[in-house]
Amino acid sequence: MTFRLVKQNNMQVVSIINYKGGVGKTTITANLAAELAFRGYNILAIDLDPQASLTFSFVSVDEWREKYEKSVTIKNWYDAFIDEDSDLDLSSLIIRPQTVNRDIKKGKVDLICSHLALINVDLELATRLSGASQRQVRNNYLRVYSRLKQGLSTLEEGKYNFVLIDCPPNFNIVTKNALVASNSYLVPAKPDYLSTLGIEQLRRHVSELVKDYNHYVDETNNLQWEKISPLMLGVLFTMITIRNQSAISAQKQYIEQVKGLNIPIIQTSIRENNTIYAEAPEYGVPVVLQRVSGKTYKEIQDELEKLTTEFLNITNEK
Ligand SMILES: Nc1ncnc2c1ncn2[C@@H]1O[C@H](COP(=O)(O)OP(=O)(O)O)[C@@H](O)[C@H]1O
Ligand SMILES: [Mg+2]
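In this text, residue positions in the sequence shown follow the working numbering: the first is 258, and each later residue adds one.
Structure, rendered in structure tokens:
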């Protein structure tokens, strides 16, 4: 198998990641993708979570079953690698969800769907890591962990401005594939005790991954491999409970704690609103692009727009 070595031409790959589930990763990915596309950027969203929430935010379960489940998901792409050691063209798995794109004039949101059986892929990939010699172990490590990076490098030049990867809530091989492929990562978190602990842990694990990966790259003489350095864009606080225009004091305390860890923090934070966020996936259009009037809606949409502007600033893509 040969890898094409194309540098990711102006295409920024960003992972949205946190070990914890239910912190708003998928919601943030969907809204960023939609708003960026609305502003004229071309976006590829990749759902790497077997729970497939991002997929079902853009396509209905029925449509997924009918059209994509069997052969048009990220699982099929990993399966080809595992079963046949072959390259399925990543772009053959890209779909364009209709509902969200109907309201977008200039840009577009494309999607690679997930699959509930993606969970098994991790185990299969793990068996690919062993080798009889150190050299084999090293080569297998680089091949397995750079799988998605290599896949993305085959996309047509200039087709996408951003690839947004919605990660599963773990640090398994598929998640590491996302980080290895990424220029940067964004960490949505709730301001509570466990989330605060989790952020430090995540940062540590990312730096271990980077160290191991780059160590292997250093050791091989093969110029096909490049070192990685995914940049942490920051912690994005989500599900903030607002009282009297600001977060409640318990949450403020956790936000302060994270600031003390010397970790970048996204200035925009996302308030909690169960009604508005819970219903969004059913429409196939994320909250930020929904045409609904009302003061609360507007406040929430403003927040998501502000987040998008900040995202563009920190990724230098204004
Ligand atoms: N700001 C928010 N306020 C209230 N509920 C939210 C908010 N963001 C997301 N949710 C809801 O919380 C649940 C988990 O969000 P999700 O984005 O799926 O998290 P994750 O991807 O981290 O598991 C979903 O039901 C979602 O609709
Ligand atoms: Mg999710």
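In this text, a Cβ means the ideal position worked out from N, Cα and C, and glycines have one as well.
Exercise. Measuring from the CB of I285, is there a heavy atom of ligand 1 at a distance below 8 Å?
Worked result: Checking the Cβ of I285 against ligand 1 gives yes.
Problem set entry | N299 - partner residues in DSSP beta bridges | In the DSSP assignment, N299 forms a beta bridge with K365.
Exercise. Using the beta-carbon count (16 or more within 10 Å), is K555 buried or exposed?
Worked result: That one is exposed.
Exercise. In this structure, what does DSSP give as the bridge partners for P445?
Worked result: Secondary-structure assignment with DSSP links P445 through a beta bridge to L493.
For this session: Ignore the nearest five residues each way along the sequence and tell me which others in Y325's own chain have a CB closer than 6 Å to its CB.
Result: Cβ neighbours of Y325 beyond the five flanking positions: C370.
Exercise. Can we count P426 as close to ligand 2, meaning its CB is less than 8 Å from some heavy atom?
Worked result: Result yes, Cβ under 8 Å from ligand 2.
Exercise. Whose C-alpha, out of S272, N267 and M489, is nearest the C-alpha of D304?
Worked result: It is S272.
For this session: Please say whether N434 and K416 have beta carbons closer to each other than 9 Å?
Result: Going by beta carbons, K416 and N434 fall outside the 9 Å limit.
Exercise. Quick one: Cα of W321 to Cα of L421, how far?
Worked result: Straight-line measurement puts the Cα of L421 at about 20 Å from the Cα of W321.
Problem set entry | Nearest-angstrom Cβ-Cβ length linking L443 and L480, presumed shorter than 8 Å | Incorrect: roughly 31 Å between the Cβ atoms, too far for contact.
For this session: Write down every uninterrupted run of the beta strand (DSSP E) in the stretch 405–485 whose length is 3 residues or greater and which is fully enclosed by it, in chain order.
Result: Taken in chain order, the whole beta strand (DSSP E) runs of length 3 or more contained in the stretch 405–485 are 419–423 and 441–446.
Problem set entry | Check whether R400 and Y335 have beta carbons under 9 Å apart | Not in contact: R400 and Y335 (Cβ atoms no closer than 9 Å).
For this session: Within the same chain, show all residues whose beta-carbon is closer than 8 Å to that of V394, passing over the 5 residues directly before and after it, in chain order.
Result: The answer, listed in chain order, is L386, S387 and G388.
Exercise. Is P448 near I499, with beta carbons less than 9 Å apart?
Worked result: Not closer than 9 Å, so no.
Problem set entry | Beta-carbon proximity check, S526 vs A504, cutoff 9 Å | Contact flag set, yes.
Problem set entry | Cα-Cα separation, A294 to K332 | Approximately 25 Å, taken between the alpha carbons.
For this session: Please find out if some non-hydrogen atom of ligand 2 comes closer than 8 Å to the beta-carbon of K416.
Result: Not under cutoff, so the answer is no.
Exercise. Does the Cβ of V271 lie closer than 8 Å to at least one heavy atom of ligand 1?
Worked result: Checking the Cβ of V271 against ligand 1 gives no.
Exercise. Beta-carbon separation of N440 and T572 under 9 Å?
Worked result: A contact, by the Cβ cut-off of 9 Å.
Problem set entry | Alpha-carbon to alpha-carbon, Y534 and P543 | Rounded to the nearest whole angstrom, the C-alpha separation of P543 and Y534 is 9 Å.
Problem set entry | Proximity winner among V492, I522 and K327, relative to L373 (alpha-carbon distances) | With distances taken between CA atoms, L373 lies nearest to K327 out of V492, I522 and K327.
Problem set entry | Three-way DSSP call (helix, strand, coil) for D304 in this model | Correct three-state label for D304: strand.
Exercise. Which class does V318 belong to by DSSP, given the choice of helix, strand or coil?
Worked result: DSSP, reduced to helix, strand and coil, places V318 within a helical segment of the structure shown.
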